[in-house]
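Chains A and B, in that order, are what the protein sequence lines are.
Sequential numbering of the first sequence, starting at 1, is according to the UniProt record's numbering.
Sequential numbering of the second sequence, starting at 1, is according to the UniProt record's numbering.
Even glycine gets a Cβ: it sits at the ideal position worked out from N, Cα and C.
One structure is given below, encoded as structure tokens.
Number of protein chains: 2
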Amino acid sequence: MTWVTGADGSPYGVANLPYGVFRRAEGAPRVGVRIGDFVLDLAGAEEAGLVLAAGALGRPTLNDFMALGRPQWTAVRQRVTELLTDAAHRAAVEPLLVPLAEARMQLPFEVADYVDFYSSEHHASNVGQIFRPGQPPLLPNWKHLPIGYHGRAGTVVVSGTPVVRPSGQRATPQGPVTGPSVRLDIEAEVGFVVGVPSPLGDRVPADDFADHVFGVVLVNDWSARDIQAWEYQPLGPFLGKSFATSVSAWVTPLDALGDAFVPAPEQDPPVADYLCDVPHLGLDLRLAVRWNGERVSEPPFATMYWTPAQQLAHLTVNGASLRTGDLYASGTVSGPERGQVGSFLELTWGGTEPVKFADGGTRTFLEDGDTVTITATAPGPDGTTIALGEVTGKVVAAR
Amino acid sequence: MTWVTGADGSPYGVANLPYGVFRRAEGAPRVGVRIGDFVLDLAGAEEAGLVLAAGALGRPTLNDFMALGRPQWTAVRQRVTELLTDAAHRAAVEPLLVPLAEARMQLPFEVADYVDFYSSEHHASNVGQIFRPGQPPLLPNWKHLPIGYHGRAGTVVVSGTPVVRPSGQRATPQGPVTGPSVRLDIEAEVGFVVGVPSPLGDRVPADDFADHVFGVVLVNDWSARDIQAWEYQPLGPFLGKSFATSVSAWVTPLDALGDAFVPAPEQDPPVADYLCDVPHLGLDLRLAVRWNGERVSEPPFATMYWTPAQQLAHLTVNGASLRTGDLYASGTVSGPERGQVGSFLELTWGGTEPVKFADGGTRTFLEDGDTVTITATAPGPDGTTIALGEVTGKVVAAR
Chain A
1 MTWVTGADGS PYGVANLPYG VFRRAEGAPR VGVRIGDFVL DLAGAEEAGL VLAAGALGRP
61 TLNDFMALGR PQWTAVRQRV TELLTDAAHR AAVEPLLVPL AEARMQLPFE VADYVDFYSS
121 EHHASNVGQI FRPGQPPLLP NWKHLPIGYH GRAGTVVVSG TPVVRPSGQR ATPQGPVTGP
181 SVRLDIEAEV GFVVGVPSPL GDRVPADDFA DHVFGVVLVN DWSARDIQAW EYQPLGPFLG
241 KSFATSVSAW VTPLDALGDA FVPAPEQDPP VADYLCDVPH LGLDLRLAVR WNGERVSEPP
301 FATMYWTPAQ QLAHLTVNGA SLRTGDLYAS GTVSGPERGQ VGSFLELTWG GTEPVKFADG
361 GTRTFLEDGD TVTITATAPG PDGTTIALGE VTGKVVAAR
Chain B
1 MTWVTGADGS PYGVANLPYG VFRRAEGAPR VGVRIGDFVL DLAGAEEAGL VLAAGALGRP
61 TLNDFMALGR PQWTAVRQRV TELLTDAAHR AAVEPLLVPL AEARMQLPFE VADYVDFYSS
121 EHHASNVGQI FRPGQPPLLP NWKHLPIGYH GRAGTVVVSG TPVVRPSGQR ATPQGPVTGP
181 SVRLDIEAEV GFVVGVPSPL GDRVPADDFA DHVFGVVLVN DWSARDIQAW EYQPLGPFLG
241 KSFATSVSAW VTPLDALGDA FVPAPEQDPP VADYLCDVPH LGLDLRLAVR WNGERVSEPP
301 FATMYWTPAQ QLAHLTVNGA SLRTGDLYAS GTVSGPERGQ VGSFLELTWG GTEPVKFADG
361 GTRTFLEDGD TVTITATAPG PDGTTIALGE VTGKVVAAR
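Spelled out as structure tokens, the structure:
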């Protein structure tokens, strides 16, 4: 129970407490934690001696705080919980609550490297059927390792940032043409944010997942399917992805997701030793995709074939180092049903089956002015539900 | 003519003046410029009021200096030239010369995003013939756009850093196995370093190349061919590349390469408007690859099909922003002859034709303990030659 008005019973109660970076109309960006419809100014709390975090909370990103490591993450979370639940602290803490409407949310962390995986079997199968009809939907390597690639860290933007329609080359029967993408799509994903780095040349075992990963964001990995289809052989996606990747303003700490870990789908064939995670756990995050406000899909993250711990072990098996701020995303989250897919490519089956909206409108891919919002909930303690921060973006015309 | 002993007539004379970051046994990293066999301590020069650069030269990377832009780059270069050529400055400047042997070179810039292109027609054709015999060596998109992908910025290391042999999965007739790579290779490349950023959503025209790009490094994009071959479908190279990418400690400013620009190979079919660079210029950089000291190849950068200005225009045509410290590499530099290739994959034709060394030894791919050094020269003013900083690395056993 918290003394903060309206927070108890909300999906942003004291069992949640995601971290973000905010600023007011005047003032520098600083770390805050969300409680109900308020942001607790953690930088102010640290200045006042209410929280100890080595000065990391007055910074314009979460990176310094994330670099402190799990014992410190846990200690700060415990202390914040104490401040927000013990009425004795109310007088000191209440002046540090900023109404959400007055907080301008910033990109919560400086992205070091951004890796995008491809870990939903349903998504990979759907894409295979759409692009390679009549062939096996999964490529031979897919069940042996979590396929992934590096994306552009510099174009990761915070939720709410407008997305300029990308231009580029696409193939036509008359040859390639250059212009604004005509098959602009989303990818609903879950991203994992690394706090604690690892040395070059070493591996990070799957078991060390929670020592390195600070928390979770929602991700919309905007994708220009026409640009991607023409450019991607043989070195993979490039400009079809690199124009923008949106992340939620709130980073949900792993500590808030204790009740969300669930057994992951069984893996057959058995995986390589370095990919064995015991217990083999996924996360029961229930995503929802809204297209211009209409709920068009509900991707279930619990169906992902590869787990975040396996992805981390794979990412580093070759000795690649981790840095604070590394972001790795799950890949598009798609469940087995049409109403559970995480891309419009799948929802409209390659653009052949338009989505019909309640107002009579239809869509295959994104039009200028369209807004897409991805939300998610997770099981909290005692049958409650917590919310992940939403990721939203509006498409604006190509320049 | 410089008053610095031994510098005139050397490939590091006053027409060169590459930038780097160094430290002495004690003391913090700081910016320096190479002249002959010395490093001029530019941070010291700025502190003494001999050079003006907004305080950017006392920093541990070149990033702040590179962010200042071309007018400042040119002004500092002119001033440094003055200091090193006018004997009137000798008394003040000579104490700031550090013998190269006492300077520990650091990674010269903090890498923002790292992009690797694939712009040598000879390399792409060779790889096509080796991996897809009997099929057209170039894929249909190759002559329409500079193929590229994002690599791992966090594992870019400075020349001299040992390279730990990567482990990972590779395919065998009995199925995938995990272990140290058995086909470890190099890629001799040239990298371009961005100084001046660009806004998200905008394009950078090819003509603006010199406003954004600060200078050039040599790159060894170490590659585990067996890991890459198994993982790369459909999203491109990942762990086969991400374990290490070495760059030279010295960044040669574009201003030093004025005599090295030469007409690039003609392009047929004609390229899209946004890829037209007028004049269409490549760089006459003459690379040399030494394997355990023996010169095994001399890749000619002037043969590259796509120019660095075209690569920059392509990289941003979708509105992707540039950041200070972005590095984009050319892709493996291979000329038309076997003795001009930039990878051992090509030199040994997929491992089927071992290299024979003078001492009787042979190699297909890299063994533990092997050292590879890539050097390059370029035409300087008045028939002289300047050198680019070498990039070297020794392979050490997998952990």
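Against residue i, what residues of chain B qualify as contacts under a CB-to-CB distance less than 7 Å, listed in chain order?
i	result
residue 155 of chain A	200, 320 and 321
residue 230 of chain A	141
residue 152 of chain A	113, 150 and 320
Could you tell me which residues DSSP pairs with residue i in its beta bridges?
i	result
residue 150 of chain B	A:150 and B:115
residue 388 of chain A	A:376
residue 259 of chain B	Paired residue(s): none; residue 259 of chain B is not in a bridge.
residue 216 of chain B	B:192 and B:252
residue 294 of chain A	A:291
residue 35 of chain A	A:38
residue 198 of chain A	A:322
residue 286 of chain A	A:300 and A:377
residue 366 of chain B	None, per the DSSP bridge assignment.
residue 180 of chain B	B:167
residue 393 of chain B	B:372
residue 185 of chain A	A:223
residue 105 of chain A	A:22
residue 143 of chain B	BP columns for residue 143 of chain B are empty, so no partner.
CB-CB under 8 Å to residue i, same chain, minus the five flanking residues each way: which ones, in chain order?
i	result
residue 362 of chain A	354, 355 and 356
residue 262 of chain A	281, 282, 283, 284 and 302
residue 342 of chain A	120, 123, 186, 187, 188, 189, 287, 289, 297, 299, 332, 333 and 334
residue 348 of chain B	354, 355, 363, 364 and 365
The alpha helix (DSSP H) spanning residue i covers which residue range?
i	result
residue 169 of chain A	Not the alpha helix (DSSP H): residue 169 of chain A falls in the beta strand (DSSP E), residues 167-170.
residue 313 of chain A	308-316
residue 85 of chain A	70-85
residue 125 of chain B	121-131
residue 345 of chain B	344-347
residue 92 of chain A	90-93
residue 65 of chain B	63-66
residue 225 of chain A	225-231
Grab me the residues of residue i's own chain with a C-beta within less than 6 Å of its C-beta, minus the 5 sequence neighbours each way, in chain order.
i	result
residue 368 of chain B	395 and 397
residue 121 of chain B	305
residue 29 of chain B	21, 23, 60 and 106
residue 295 of chain B	288
residue 183 of chain B	225, 226 and 365
I want to check one thing, is the minimum distance from the CB of residue i to the heavy atoms of the ligand GDP below 7 Å?
i	result
residue 324 of chain A	The ligand GDP is absent from the structure shown, which contains no ligand whatsoever.
Please list, in chain order, the chain A residues whose beta carbon lies closer than 7 Å to that of residue i.
i	result
residue 342 of chain B	Simply none; closest approach about 16 Å.
residue 144 of chain B	169 and 176
residue 328 of chain B	What residue 328 of chain B touches in chain A: nothing, since even the nearest Cβ is about 11 Å away.
residue 183 of chain B	What residue 183 of chain B touches in chain A: nothing, since even the nearest Cβ is about 13 Å away.
residue 164 of chain B	201 and 319
residue 305 of chain B	Residues of chain A passing the Cβ test: none, with the nearest at roughly 15 Å.
Just reading off the beta strand (DSSP E) that residue i is part of, what are its end residues?
i	result
residue 23 of chain A	19-23
residue 329 of chain A	327-329
residue 246 of chain B	245-247
residue 97 of chain A	97-99
residue 158 of chain A	156-158
In its own chain, which residues sit with a C-beta less than 7 Å from the C-beta of residue i, not counting the 5 before and 5 after it?
i	result
residue 269 of chain B	143
residue 118 of chain B	124, 147, 148 and 331
From the beta carbon of residue i, is the nearest beta carbon of chain C less than 8 Å away?
i	result
residue 297 of chain A	Note that chain C does not occur in the displayed structure, where the protein chains are A and B.
How would you list, in chain order, the residues of chain A whose beta-carbon sits under 8 Å from the beta-carbon of residue i?
i	result
residue 273 of chain B	178
residue 227 of chain B	318
What residues of chain B sit near residue i, judged by a beta carbon separation below 8 Å?
i	result
residue 135 of chain A	Those do not exist, as residue 135 of chain A stays about 12 Å from chain B at its closest Cβ, beyond 8 Å.
residue 70 of chain A	Within chain B, no residue comes near residue 70 of chain A; the closest Cβ sits about 21 Å away, beyond 8 Å.
What residues of chain A sit near residue i, judged by a beta carbon separation below 9 Å?
i	result
residue 399 of chain B	201, 202, 203 and 319
Three-pair Cβ contact test at 8 Å for the region 376-388 of chain A versus the region 253-263 of chain A: The region 376-388 of chain A is in contact with the region 253-263 of chain A.
Touching by the beta-carbon criterion (3+ pairs, under 8 Å), the region 8-16 of chain A and the region 39-54 of chain A: At 8 Å Cβ cutoff, the stretches do not touch.
Validate contact between the region 117-137 of chain B and the region 58-75 of chain B using beta carbons, cut 8 Å, 3 pairs: The region 117-137 of chain B makes no contact with the region 58-75 of chain B; the number of CB pairs closer than 8 Å stays below 3.
Three-pair Cβ contact test at 8 Å for the region 239-255 of chain A versus the region 207-219 of chain B: No, the region 239-255 of chain A does not touch the region 207-219 of chain B.
Segment contact, 8 Å Cβ cut-off, at least three pairs: the region 239-248 of chain A with the region 313-331 of chain B: Contact between the region 239-248 of chain A and the region 313-331 of chain B is present, because at least three Cβ pairs lie under 8 Å.
Inter-stretch contact at 8 Å, needing at least 3 Cβ pairs: the region 223-237 of chain B / the region 223-236 of chain A: Result yes; three or more Cβ-Cβ pairs closer than 8 Å.
Contact the region 191-210 of chain A vs the region 168-181 of chain A: 3+ CB pairs below 8 Å: They do not touch, by the three-pair rule.
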